[in-house]
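One structure below.
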Amino acid sequence: MIFLDWLIMNFKPFEQIQGRLQTSKTDSDLSYFFDLLLFGEAITKVVNLFLVACINEDNERTKYRQEYDLVRANAIGDFARSIDEIITGPPAQLLTSSIREFELKELVQRSSGEDWQYQAQSLLDQTLEVFKIERNTLPLKSPFRTWFGTFTHLRNKTKGHGATTIGPCSDACPLLEQSINLIINHFSGFKRPWAYLHRNYSGKYRITPISDDARQFNYLKSETVHSLENGIYVFLDKPRKVNLFYSNAELTDFFLTNGNLKGDSFESISYLSDTRVIQKATDYFQPITKLPSSHTEGTNELDVIGNCFTNLPEPTDEYVKRPVLEQELEKVLTDIERFPIITLLGKGGIGKTSLALHVIKPITNTNRFDLIVWFSARDIDLLIDGPKQVQTKVLNQKDIANDYCNLVYPSKEIKNKLEFFSQELSKNSFGKALYVFDNFETITNPIEVFEWINTYIRHPNKVLITSRISRNFKADYPIEVGGMNDSECRALIDLVGTKLSINNLLDSDYIDELITESDGHPYIIKILLGEVSKTGKTSRVQRIVAEQEKILNALFKRTFSTLSPAAKRVFLTLSSWNSTVPVVAVEAVLWRPENEKIDVQGAIEELRKSSFIDIINDEKEALINVPLAASIFGKSELEVFPEKIKIFDDRALLMEFGASNQSNISVGLSAKIERKFSAVAKRIRSIEDFRKELPTLEYIASKFPDSYWFIVEIFEEYGEYESAKYFLREYLKATNDNNVKSDLWQKLADVCRFTKDWEGESHALSELILIPKVGFEHISEASNRINNFFRYHPEAKSDEHKQALLDKVIQAMKIRISEGSATDYSRLGWLMINNDQEEEALAIIERGLLLDSTNYHCQRLHEKLMFRY
13 MIFLDWLIMN
23 FKPFEQIQGR
33 LQTSKTDSDL
43 SYFFDLLLFG
53 EAITKVVNLF
63 LVACINEDNE
73 RTKYRQEYDL
83 VRANAIGDFA
93 RSIDEIITGP
103 PAQLLTSSIR
113 EFELKELVQR
123 SSGEDWQYQA
133 QSLLDQTLEV
143 FKIERNTLPL
153 KSPFRTWFGT
163 FTHLRNKTKG
173 HGATTIGPCS
183 DACPLLEQSI
193 NLIINHFSGF
203 KRPWAYLHRN
213 YSGKYRITPI
223 SDDARQFNYL
233 KSETVHSLEN
243 GIYVFLDKPR
253 KVNLFYSNAE
263 LTDFFLTNGN
273 LKGDSFESIS
283 YLSDTRVIQK
293 ATDYFQPITK
303 LPSSHTEGTN
313 ELDVIGNCFT
323 NLPEPTDEYV
333 KRPVLEQELE
343 KVLTDIERFP
353 IITLLGKGGI
363 GKTSLALHVI
373 KPITNTNRFD
383 LIVWFSARDI
393 DLLIDGPKQV
403 QTKVLNQKDI
413 ANDYCNLVYP
423 SKEIKNKLEF
433 FSQELSKNSF
443 GKALYVFDNF
453 ETITNPIEVF
463 EWINTYIRHP
473 NKVLITSRIS
483 RNFKADYPIE
493 VGGMNDSECR
503 ALIDLVGTKL
513 SINNLLDSDY
523 IDELITESDG
533 HPYIIKILLG
543 EVSKTGKTSR
553 VQRIVAEQEK
563 ILNALFKRTF
573 STLSPAAKRV
583 FLTLSSWNST
593 VPVVAVEAVL
603 WRPENEKIDV
613 QGAIEELRKS
623 SFIDIINDEK
633 EALINVPLAA
643 SIFGKSELEV
653 FPEKIKIFDD
663 RALLMEFGAS
673 NQSNISVGLS
683 AKIERKFSAV
693 AKRIRSIEDF
703 RKELPTLEYI
713 ASKFPDSYWF
723 IVEIFEEYGE
733 YESAKYFLRE
743 YLKATNDNNV
753 KSDLWQKLAD
763 VCRFTKDWEG
773 ESHALSELIL
783 IPKVGFEHIS
793 EASNRINNFF
803 RYHPEAKSDE
813 HKQALLDKVI
823 QAMKIRISEG
833 SATDYSRLGW
843 LMINNDQEEE
853 ALAIIERGLL
863 LDSTNYHCQR
873 LHEKLMFRY
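Residue numbers (my numbering): 13 to 881.
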């Protein structure tokens with residue numbers, strides 16, 4: 013018989029429990045036996061949850077059904093029964109092929125003799141014998157899956173309902189210990205790569221190994237295109253999240269579902285610390301009975317409409333024409349040579365499906381397509397009385413291929429339907445085909461399915477996709493479906509109001525408020541009008557929307573869960589404040605050193621593509637607006653967000669830019685930036701305080717260079733002139749406006765003069781005079797300052813760089829001296845004297861005297877030069 017030391021294989025959840033066992037082993041045999049029972053419970057649950065994770069998604073929601081039952085489980089026997097059902101019942105057909113030759117075989121194959129599976133069962137059987145517990149005789153051959161039911165029997169007869177004493181425990185502990193030991197060291201599921209994945213703001217993942225080897229996850233450290241929730245994963249054919257198994261990135265403890273659903277939560281338990289943690293059960297409230305079909309699901313039989321065979325669903329009655337979008341979509345759908353894949357992108361309920369149906373229906377009367385097939389992945393119908401869960405028809409390539417073959421060739425036996433449909437995408441046997449995939453984001457792996465479609469689709473066939481998201485795939489022609497314009501909104505309000513007989517309750521002010529606050533979102537408009545119908549009166553739109561939690565979740569929850577951590581952080585920051593916010597303000601605040609480095613620009617673009625925000629104005633003065641419904645949803649998510657305090661800190665800094673809304677959006681960005689700097693200046697008490705603010709302000713200035721003036725002024729206020737000079741030079745590098753440059757070089761020269769920095773001053777003055785079309789007065793004043801410097805610092809005349817400076821200034825002065833007065837001629841003369849050009853100086857002075865023979869400066873210099881000659 014095989015006997016092994018504890019935990020040869022390193023699997024951290026069990027490694028932690030082993031530490032507890034070592035303590036109880038020195039306490040008493042009874043304590044040790046009870047802890048071994050806890051270990052057996054943990055093994056049963058981990059095996060169960062591992063198998064659930066191995067179930068591939070299907071439209072019968074088989075995986076969800078298992079999880080639904082487990083959050084309601086009240087005993088370990090429920091987990092043992094789930095294991096049995098998964099590997100022997102219908103779910104077995106859906107298990108990933110990756111485990112068929114390993115874990116599945118180990119569980120279901122009848123073992124005997126020296127097999128570790130049989131020995132584990134035999135040791136457990138002997139444990140039952142020690143306690144004189146009635147049981148079925150262990151046959152000569154037995155599948156390992158029976159261990160879990162037998163263990164449940166042991167647990168219930170001892171700890172559960174028995175009065176266990178120390179005596180039998182002394183004999184039972186070694187037997188149960190060895191049985192458990194065989195499982196944890198041999199079951200293949202525990203040898204797989206396990207890890208806790210935590211997505212960083214960069215989009216890359218922090219990978220904390222749970223098992224010996226987690227290298228298969230390493231690609232997630234460098235790639236940013238993946239969207240996996242934080243949690244525990246096992247790597248099989250791909251990373252598979254093990255739901256209802258909890259920990260953190262530090263692996264300080266592990267929690268397994270313990271059932272006991274009450275209200276909207278259930279219990280999870282640590283078998284290390286015996287700590288109970290309450291988990292939200294909101295993901296497990298959908299009924300497991302078969303759901304009704306979506307009203308936008310295609311028909312189950314082909315029909316002839318116009319010149320096409322099709323299974324198009326009936327269009328909705330409450331449709332308002334959207335001419336711009338309709339014309340664009342019709343144009344690209346009927347184009348024969350270009351755009352094989354077209355996507356309609358937009359928020360949930362924005363009207364993508366309705367638009368597609370109302371454009372495609374008239375096309376059936378043309379000769380553009382011979383076959384139009386509608387595939388629906390919809391899982392929620394957005395009805396006027398609220399969102400309703402529906403049966404999803406297609407979830408993956410297999411479902412799509414099966415649906416197509418059953419629809420188009422119902423009486424034909426097709427062996428490889430997936431391969432057949434792939435060829436139909438390229439060359440359809442009916443002729444020219446249009447394939448419509450509605451609610452594409454609900455498909456299990458949208459990227460994989462898109463790449464498959466993209467690989468096979470060929471002209472003249474086309475694909476139309478409706479989706480809330482498209483971040484990880486790119487169509488040949490994406491069309492963004494936004495909110496309705498004013499006239500379209502009014503038409504919809506009139507249509508729905510007439511149907512509900514409430515037009516008499518809708519005055520112009522309420523209609524205006526409805527359009528503004530809904531941001532033209534047709535489903536939100538319908539819901540709000542439905543509330544008017546229910547209550548018989550109009551109420552504040554914001555209050556009504558805030559009360560529609562189910563609707564907000566239906567519109568935003570799924571898309572929100574797929575956002576990158578950076579996009580979630582930006583969105584929740586924006587949602588925390590009811591104001592439009594300058595893009596530059598968000599970037600500056602979130603890029604502070606205190607915050608983890610994130611790609612703010614990428615996050616903003618991701619939010620825009622996901623329809624969570626609108627960008628207003630041009631690129632330079634762009635403002636971000638969060639529509640009312642999205643903002644209210646964001647506030648609810650913020651309540652449970654782990655970094656809520658950090659977001660409030662960021663919000664406080666954003667608020668210093670001042671609030672804006674649609675009515676005062678024309679207020680210039682420069683005024684907001686000035687307000688921000690003013691707020692900082694009032695708040696700081698020392699130069700150290702200011703330096704903490706500097707990264708944010710510096711970022712703003714890098715985008716809006718005029719802001720450097722504020723930074724310079726504050727440094728001057730605190731006597732930090734070297735820093736003031738640095739930021740004056742940064743401003744000079746950032747601006748191309750010669751008038752601004754003129755002022756800046758003049759300012760820099762003044763600061764350098766104040767700090768007795770002649771090198772800096774002379775450089776500033778020489779650059780000043782070289783600015784094209786600079787005022788001649790600046791050239792003259794610069795010349796005077798250079799002359800005065802050499803007058804009071806004669807030793808500087810021996811400086812090796814003196815001639816280069818003077819040559820540059822003299823050349824600039826000579827070119828434009830005709831613009832000057834006699835005094836200016838005298839200044840040029842002094843420059844030439846300082847540059848050892850006395851003959852040229854004399855000629856210049858004589859020209860100055862011709863302008864004004866009484867000019868004191870020219871007379872004095874002329875006498876000086878004549879005396880030398």
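For each residue, glycine too, the CB sits at the ideal point set by N, CA and C.
Whose C-beta lies closer than 8 Å to the C-beta of A794 among residues of the same chain, with five residues either side of it excluded? A761, L777, S778, L780, I781, V821
With DSSP as the reference, label C320 as helix, strand or coil. strand
Anticipated Cβ contact below 8 Å, T404 with D391, distance rounded: 5 Å
Per DSSP, cross-strand counterpart(s) of A746: Partner(s): none; A746 has no beta bridge.
Bounding residues of the alpha helix (DSSP H) (the contiguous stretch that carries T592): Careful: T592 lies outside any alpha helix (DSSP H) and carries neither H nor E.
Cβ-heavy atom distance, W386 to the ligand ZN, below 8 Å: Of the ligands one can find in the structure shown there are none, so the ligand ZN has no counterpart to examine.
Mapping the DSSP letters down to three states, classify Y231 as helix, strand or coil. helix
Whole angstroms is fine: what's the gap from G860's alpha carbon to W757's? 28 Å
Does the separation of the CB atoms of V828 and S623 fall below 9 Å? Here the sequence assigns Arg to residue 828, which means Val is not the residue at that position. Contact flag unset, no.
Excluding five sequence neighbours on each side, which residues of the same chain lie with their C-beta closer than 6 Å to the C-beta of K400? D393
Can S239 and S576 be called in contact, C-beta distance under 9 Å? yes
Taking 9 Å as the cut-off, decide whether the C-beta atoms of Q133 and S191 are in contact. yes
Tell me the residue span of the beta strand (DSSP E) that contains Y884. Given a span of 13 to 881 for the chain in the structure shown, any question on residue 884 remains unanswerable.
For S623, which of helix, strand or coil comes out of DSSP? coil
Measure the C-alpha to C-alpha separation of T571 and G548 and round it to an integer number of angstroms. 34 Å
Delimiting residues of the beta strand (DSSP E) encompassing R218: 217-221
Limits of the beta strand (DSSP E) - the one that G398 falls within: 398-401
Could you check whether V289 and F387 sit closer than 9 Å to each other, using their CB atoms as the reference points? no
Backbone secondary structure at F210 - three-state DSSP: Sequence inspection shows His at residue 210; the Phe mentioned does not correspond to that position. Three-state DSSP puts H210 in a strand.
CB of L357 within 9 Å of CB of V493, strictly: yes
Helix, strand or coil at P155 [DSSP, three-state]: strand
Relative to the C-alpha of N473, which residue among A368, R502, L345, W464 is closest? L345
Mapping DSSP to helix, strand and coil, what is D70? coil
Please report how far the alpha carbon of D70 lies from the alpha carbon of L256, in whole angstroms. 20 Å
DSSP beta-bridge partners for A794? None, per the DSSP bridge assignment.
Would R211 pass as a contact of R218 if the rule is Cβ separation under 9 Å? yes
Using 10 angstroms around the beta-carbon of E734, count the other beta-carbons present and answer buried if the total reaches 16, otherwise exposed. exposed
Give every residue of the same chain whose Cβ lies closer than 7 Å to the Cβ of I627, excluding the five residues on either side of it in the sequence, and list them in chain order. R620, A634, I636
Any chance the region 375-382 sits against the region 537-553, with 3 or more Cβ pairs inside 8 Å? no
Report yes or no: do three or more beta-carbon pairs, one from the region 607-614 and one from the region 347-367, lie closer than 8 Å? no
Under 7 Å Cβ to Cβ from N242, same chain only, skipping five residues before and after it: list those, please. L209, H210, R211
Cross-strand partners of I882 (DSSP beta bridge): There is simply no residue 882 to check, as the chain begins at 13 and stops at 881 in what is shown.
Quick test of the definition: if touching needs 3 or more C-beta pairs under 8 Å, does the region 149-157 touch the region 110-124? yes
Compare the C-alpha of L818 against each of K688, R797, D96 and name the closest. R797
Closest to C320 by C-alpha separation, out of G646, F442, D506, R147, would be which residue? F442
Best match in Y130, L106, G532 for proximity to C66 [C-alpha to C-alpha]: L106
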